[in-house]
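Residue numbers (my numbering): 415 to 857.
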């Protein structure tokens, strides 16, 4: 540990200076020698560091999602070149270069935070051993050794002996109870953070080895924190518990507002977005417009939740535009005006399907159509044969010749040996003449 502390000694002075500045502020409120002043100084140091690491956290999210997207391609490369490890590595590097991804980007927040962690550990270890470190002089060292958090000294450890704990002005029971509770909370927060990442913010449509690795880490990390936590001073446990709680809250915010496509978190987010858009009739801010724009741009590549969102907007009379805005759809709704002049919106009438006819109705309709067509042909024929004769100028109904109308009527009433006559014969409606004997049924 001394080698590691010496390696990170360049940051020990800045970390100790930040702690002293926060201690000056909180010491004026709670007292310079209280555990609240020193404990809140460590918490404030964590918050300051994590705020500075937010850009790296955003980059970590993008890198993690890019790695999830590349998992199917990576699996194909591994299967194709499973006997050639060198070619496999070359193809992997080529894939990373083409897609612009970096596997180490997902570890950037941890790597960037590790120097501060070791520097703080070195500062607290110096307080426990009575050594001045950085800008912490003898007066501040004596004040820090008097500080207790719930009865446990700031520099005490779970594995310390009773003599060492009594030298710091505390009992072994208080130290072990406080450190045990902190270790349990620290491990639980780490487990819950990883669990909500696996259960809510992972694309469930793609089963890759990356998911199995994350699932394994969900159980490995809490065990590692529990094992290493018994050798951490109380001040370091405060630091690590605070950063785990920050990570958990940060992860919850990302899952709720910027979920991974295809995950359960995206389904819940799009459901909330659909309610907001239908209530207001438009997207409210730039983030919502960016989400809608990305969904529209996917086209046929949308996943199940995105198609459900677009269909829900259509049913509500809205249409998503390529620029991310949502407007009322003119084809799905019709605006009417009530008697008092207020506009009312009603759904457009649905197209009614024709009623299904029975077999007898279809046969009778076909016979009727055949009869009408026969009468029309007959009238055309009679009209063309009499085209040379002069038309009568004025004849009443009683003055028309009877023999001229009878052939047409007889011709129109006589069914042809086509579909009309056959349909009547099949329905048993033939009039006159011998009836066709029915064939015996085959049993």
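Ideal Cβ positions, reconstructed from N, Cα and C, are used throughout, including at glycine.
Legend entry - Any C-beta of chain D under 7 Å from that of residue 461: The chain labelled as chain D is not found in the depicted structure, where only one protein chain is given.
Legend entry - Stretch-stretch touch, CB-based, cutoff 8 Å, three pairs: the stretch 663 to 682 with the stretch 637 to 650: Touching, no.
Legend entry - residue 457, enclosing beta strand (DSSP E) - first and last residue: Residue 457 sits at position 43 when you count from the first residue of the chain shown. Not the beta strand (DSSP E): residue 457 falls in the alpha helix (DSSP H), residues 449 to 466.
Inset, instruction - Would you grab the beta carbon distance between residue 727 and residue 691 for me? Rounded to a whole angstrom, and I think it's under 8 Å. - result: The residue you call residue 727 lines up with position 313 of the chain shown. The residue you call residue 691 lines up with position 277 of the chain shown. 7 Å between Cβ atoms; contact.
Inset, instruction - May I ask you to list the residues that DSSP assigns as paired with residue 742? - result: For the purposes of this step, residue 742 is taken as residue 328 along the chain shown, with counting starting at 1. Per DSSP, 732.
Legend entry - Exposure label - residue 476; buried when at least 16 CB within 10 Å: For the purposes of this step, residue 476 is taken as the residue at position 62 of the chain shown. Looking at its Cβ environment, which holds fewer than 16 other Cβ atoms inside 10 Å, residue 476 is exposed.
Legend entry - The alpha helix (DSSP H) enclosing residue 510, as first and last residue numbers: Working through the chain shown from its first residue, we reach residue 510 at position 96. Taken as a continuous stretch (DSSP letters only), the alpha helix (DSSP H) holding residue 510 covers 499 to 513.
Legend entry - Residue span of the alpha helix (DSSP H) that contains residue 574, given as start and end: Residue 574 sits at position 160 when you count from the first residue of the chain shown. Note, residue 574: premise wrong, no alpha helix (DSSP H); not H, not E.
Inset, instruction - Answer with buried or exposed for residue 442, where buried requires no fewer than 16 other C-beta atoms within 10 angstroms of its C-beta. - result: Here residue 442 refers to the residue found at position 28 when the chain shown is read from its first residue. Flag for residue 442 reads exposed.
Legend entry - Reduced DSSP secondary structure (H/G/I, E/B, other) of residue 563: Walking along the chain shown from the start, residue 563 turns up at place 149. Of the three classes helix, strand and coil, the one that applies to residue 563 here is strand, per DSSP.
Inset, instruction - Give the secondary structure of residue 753 by DSSP, where H, G and I count as helix, E and B as strand, and everything else as coil. - result: Your numbering for residue 753 matches position 339 in the chain shown. Because the pLDDT of residue 753 is 36, which lies under 50, any placement of that residue in the model is unreliable, and the number read from its coordinates should be weighed accordingly. Residue state, collapsed to three classes: coil.
Inset, instruction - Compute the Euclidean distance between the alpha carbons of residue 431 and residue 654, then round it to the nearest angstrom. - result: Locating residue 431 in the chain shown gives position 17, counting from the first residue. Locating residue 654 in the chain shown gives position 240, counting from the first residue. The alpha-carbon atoms of residue 431 and residue 654 are separated by roughly 19 Å.
Inset, instruction - Check whether the Cβ atoms of residue 470 and residue 523 lie closer than 7 Å to each other. - result: One-based indexing of the chain shown puts residue 470 at position 56. One-based indexing of the chain shown puts residue 523 at position 109. Taking 7 Å as the cut-off, the Cβ atoms of residue 470 and residue 523 count as close.
Inset, instruction - Decide if the stretch 452 to 468 is in contact with the stretch 570 to 589; the criterion is three or more beta carbon pairs, one per stretch, under 8 Å apart. - result: A contact between stretches requires three or more CB pairs, one per stretch, nearer than 8 Å, and the stretch 452 to 468 fails this requirement with the stretch 570 to 589.
Inset, instruction - Note down, in chain order, each residue of its chain lying with its Cβ closer than 6 Å to the Cβ of residue 601, except the 5 sequence neighbours on either side. - result: Within the chain shown, numbered from 1, the residue matching residue 601 stands at position 187. Excluding five sequence positions before and after residue 601, the CB atoms of its chain that fall closer than 6 Å to its own CB belong to 636, 639, 640, given in chain order.
Inset, instruction - Kindly indicate the opening and closing residues of the alpha helix (DSSP H) around residue 495. - result: Against the chain shown, residue 495 aligns to sequence position 81. Where residue 495 is concerned, there is no enclosing alpha helix (DSSP H), given that its DSSP letter is neither H nor E.
Inset, instruction - Give the DSSP-derived three-state secondary structure of residue 587 in the structure shown. - result: Along the chain shown, read from residue 1 onward, the residue named residue 587 stands at position 173. If DSSP states are grouped into helix, strand and coil, residue 587 belongs with the helices.
Legend entry - For residue 772 and residue 837, the rounded distance between their alpha carbons: Walking along the chain shown from the start, residue 837 turns up at place 423. Walking along the chain shown from the start, residue 772 turns up at place 358. Its pLDDT being 45, under 50, residue 837 is placed unreliably by the model, and the measurement read from it follows with that caveat. Approximately 14 Å between the Cα atoms of the pair.
Inset, instruction - Provide the residue span of the alpha helix (DSSP H) that contains residue 689, from first to last. - result: For the purposes of this step, residue 689 is taken as residue 275 along the chain shown, with counting starting at 1. For residue 689, the enclosing alpha helix (DSSP H) covers residues 678 to 694.
Legend entry - Neighbourhood of residue 440 by C-beta, 7 Å cutoff - its chain only, sequence neighbours within 5 removed: For this step, residue 440 is matched to residue 26 along the chain shown. Same-chain partners within the cutoff: 450, 451, 454, 455.
Legend entry - Reduced DSSP category for residue 674 - H, G, I as helix; E, B as strand; rest coil: Stepping through the chain shown from its first residue, residue 674 is reached at position 260. In the structure shown, residue 674 sits in coil (DSSP, three-state: anything other than H, G, I, E or B).
Legend entry - Stretch-stretch touch, CB-based, cutoff 8 Å, three pairs: the stretch 645 to 660 with the stretch 523 to 539: Taking one beta carbon from each stretch, the stretch 645 to 660 and the stretch 523 to 539 have 3 or more pairs nearer than 8 Å; the two touch.
Inset, instruction - Express the C-alpha separation of residue 509 and residue 535 in angstroms, rounding to a whole number. - result: Here the question's residue 535 lines up with position 121 in the chain shown. Here the question's residue 509 lines up with position 95 in the chain shown. Going by the C-alpha atoms only, they are around 40 Å apart.
Inset, instruction - State buried or exposed for residue 457, treating a residue as buried only when at least 16 other CB atoms are found within 10 Å of its CB. - result: Along the chain shown, one-based indexing puts residue 457 at 43. Around the C-beta of residue 457, 16 or more other C-beta atoms lie within 10 Å, and the residue is accordingly described as buried.
Inset, instruction - Assess, as a yes-or-no matter, whether the stretch 560 to 567 is touched by the stretch 579 to 598 under the definition of 3 or more beta carbon pairs within less than 8 Å. - result: Yes, since at least three Cβ pairs between the stretch 579 to 598 and the stretch 560 to 567 fall closer than 8 Å, the two stretches touch.
Legend entry - Reduced DSSP category for residue 553 - H, G, I as helix; E, B as strand; rest coil: By 1-based counting over the chain shown, the position of residue 553 is 139. The answer is helix: DSSP assigns residue 553 an H, G or I state.
Legend entry - Three-state secondary structure assigned by DSSP to residue 772: Numbered from 1 along the chain shown, position 358 holds the residue referred to as residue 772. Coil at residue 772, not helix or strand.
Inset, instruction - List the endpoints of the continuous alpha helix (DSSP H) containing residue 707. - result: As a first step, residue 707 is located in the chain shown; it is residue number 293 there, counting from the start. Residue 707 -> alpha helix (DSSP H) spans 700 to 712.
Inset, instruction - Would you tell me roughly how many angstroms separate the C-alpha atoms of residue 581 and residue 538, rounded to the nearest one? - result: Taking the chain shown and counting its residues from 1, the one referred to as residue 581 is at position 167. Taking the chain shown and counting its residues from 1, the one referred to as residue 538 is at position 124. So the two alpha carbons sit approximately 16 Å from each other.
Inset, instruction - Rounded to whole angstroms, what's the CA-CA distance from residue 552 to residue 437? Just pull it up for me. - result: Translated into positions along the chain shown, residue 552 becomes position 138. Translated into positions along the chain shown, residue 437 becomes position 23. Rounded to the nearest angstrom, the two C-alpha atoms are 15 Å apart.
Inset, instruction - Between the Cα of residue 645 and those of 569, 606, 613, 680, spot the shortest distance and give me the residue it belongs to. - result: The residue you call residue 645 lines up with position 231 of the chain shown. Considering only alpha carbons, the answer is 569.
Legend entry - Limits of the unbroken alpha helix (DSSP H) element including residue 444: Residue mapping note: residue 444 aligns to position 30 of the chain shown, counting from 1. Annotation: the continuous alpha helix (DSSP H) that includes residue 444 extends over 426 to 444.
Inset, instruction - Taking only the alpha-carbon atoms, compute the straight-line gap between residue 425 and residue 549 and give it to the nearest angstrom. - result: As a first step, residue 425 is located in the chain shown; it is residue number 11 there, counting from the start. As a first step, residue 549 is located in the chain shown; it is residue number 135 there, counting from the start. Approximately 12 Å between the Cα atoms of the pair.
Inset, instruction - Reducing DSSP to helix, strand and coil, say where residue 516 ends up. - result: By one-based count along the chain shown, residue 516 stands at place 102. In this structure, residue 516 counts as coil in the three-state DSSP scheme.
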